[in-house]
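Numbering (the working numbering), first residue to last: 156 to 325. Reviewing the structure listed below.
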Amino acid sequence: MPDFPYELFKDVISANNDFIKGFEHSELTGVAQRGLAIVTCMDSRIAPLSVVGMGPGDAKILRNAGARVTEDVLRTLVLATYLLGVDRILIMPHTNCRMAMGEEEDIHALIQREHSVDTRGLEFRIVSDQIKALTTDVNRVRSYPLLNKGVIVGGAIYDVATGKLTPVDC
Ligand SMILES: [Zn+2]
């Protein structure tokens, strides 16, 4: 069993040692106090809680490549809505997303070319029309039969250049 790679995580562990000195959220529970869940991309430019003026304890954050609604997102939303106080869901893809610039085959080809690995067994869920994909995803959540009926679902695009959230009619 390999040891934890301390050397490579030195900055992470060190920052955490500083973090715990000022830590003040230990009274929070896992219930989303503001009743919100955000589904967004893994893009490192997005700080989801800051975007909507919230902090730890307020909202559930689900992230994956492209902010797509997958089986695992639906599974998590079911738990979040029945057990963890979520009654509104925001699907939040963003501008300049690599997952919304082209076709599935392009990304497989890129990885093949640069790393000589065939990833075609995976579905990356790349989209060429971001608004269309968002509409599909929002409606997939809205119509998911296992989801709590009173849950409100909206879609909005986050602009990574300005920080602005633009609601989309889905
Ligand atoms: Zn993205």
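From the three backbone atoms N, C-alpha and C, an ideal C-beta is built for every residue, glycine too.
8 angstroms Cβ cutoff met for residue i and residue j
i	j	result
Ile-246	Leu-232	no
Ala-202	Thr-250	no
Leu-183	Gly-208	no
Ala-220	Phe-279	yes
Val-308	Val-293	yes
Pro-248	Ala-214	no
Val-206	Gly-318	yes
Contact test: residue i Cβ vs ligand 1 heavy atom, cutoff 7 angstroms
i	result
Gly-318	no
Arg-253	yes
Cys-196	yes
Gly-310	no
Gly-257	no
His-249	yes
Gly-393	Coverage of the chain is limited to positions 156 through 325, which leaves residue 393 absent and any answer about it impossible.
Those residues which DSSP pairs with residue i across a bridge
i	result
Met-209	According to DSSP, Met-209 bridges with nothing at all.
Leu-191	Ala-214 and Arg-243
Tyr-313	His-249 and Leu-320
At what residue ranges does the segment 217-284 contain a whole run of the alpha helix (DSSP H), taking only runs of 4 or more? 226-238 and 259-270
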